[in-house]
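Numbering of the sequence shown is given in this note's numbering, commencing with residue 60 and proceeding in unit increments. The beta-carbon is built from N, C-alpha and C at its ideal position, and this holds for glycine as well. Please read all numbers here as calculations on a predicted model, not as lab measurements. Take a look at the structure set out below.
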Amino acid sequence: MAEEIENAIREAAQQPAEVSVDGQTVKQQPLPDQIEADRYLASKDAAKKGLGVRMTKVVPPGVV
Numbered sequence: 060m061a062e063e064i065e066n067a068i069r070e071a072a073q074q075p076a077e078v079s080v081d082g083q084t085v086k087q088q089p090l091p092d093q094i095e096a097d098r099y100l101a102s103k104d105a106a107k108k109g110l111g112v113r114m115t116k117v118v119p120p121g122v123v
């Protein structure tokens, strides 16, 4: 999902913000708003992945 959003932002950056053809006008969301939405979704996904703490067993060297 993150790659899809990243690709959509890249495509939006390369296209015009507003297009008019035969009296019809199409407008995109502003690029800063799209980037902010991507940051929000990324932080939301990061919050789901756990506490960020890994529990491991420490074994000192030389112990048999």
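Simplified DSSP state of residue i, which is helix, strand or coil
i, result
"Lys-116", "coil"
"Gln-83", "strand"
Residues near residue i by beta carbon distance below 8 Å, same chain, minus five either side
i, result
"Thr-84", "Glu-77, Val-78"
Within-8 Å CB hit, residue i to chain D
i, result
"Ala-67", "The question asks about chain D, but that chain is absent: this structure has only one protein chain."
Chain-order list of residues whose beta-carbon lies under 7 Å from that of residue i (same chain, five-residue window excluded)
i, result
"Arg-98", "none"
Inter-residue CB distance, residue i and residue j (contact presumed, cutoff 8 Å)
i, j, result
"Ala-72", "Leu-90", "6 Å"
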